[in-house]
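Here the structure is laid out as structure tokens; the discussion comes afterwards.
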């Protein structure tokens with residue numbers, strides 16, 4: 004590192020702490036991208052909602068260092084019809100379906 008001729012706005016310690024956090028975030032993102040092929044939703048478009056009849060498609064979300072797989076409505080209804088089913092965990096559905 005080169006000494007700057009201006010006054011620092013953050014400490015060198017804080018700079019390195021932030022760099023460590025950014026590096027960890029990068030590693031987590033790479034892991035998430037590498038797991039894409041593991042997120043296959045075999046029942047996408049085959050499942051339909053038991054309440055409103057719309058097709059369900061596989062989706063995934065990321066949180067707390069995990070990938071959460073679920074099935075959700077493929078599209079929103081434009082006729083104002085409400086459905087209480089928001090999403091269904093993919094693991095719950097897929098373990099019930101026989102090959």
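In the numbering used here, the protein residues as written are 4 to 102. Every residue gets a Cβ at the ideal spot worked out from N, C-alpha and C, and that includes glycine.
Item                                                                                                                                                       : Value
CA-CA distance, residue 6 and residue 24?                                                                                                                  : 23 Å
Rounding to the nearest angstrom, what Cα-Cα distance links residue 98 and residue 71 in this structure?                                                   : 16 Å
Just how far apart, CA to CA, sit residue 44 and residue 10?                                                                                               : 54 Å
Out of 75, 15, 12, 67, which has the shortest C-alpha to C-alpha gap to residue 51?                                                                        : 75
According to DSSP, simplified to helix, strand and coil, what is residue 69?                                                                               : strand
Helix, strand or coil, according to DSSP, for residue 75 in the structure here?                                                                            : strand
Could you give the first and the last residue of the continuous alpha helix (DSSP H) run that contains residue 96?                                         : 93-97
Use the C-beta contact count for residue 64: other C-beta atoms within 10 angstroms, 16 or more gives buried, fewer gives exposed.                         : exposed
Just to check my reading of the structure: residue 46 and residue 96 have Cβ atoms closer than 8 Å, yes? What is that Cβ distance to the nearest angstrom? : 6 Å
Whose C-alpha, out of 15, 82, 49, 91, is nearest the C-alpha of residue 73?                                                                                : 91
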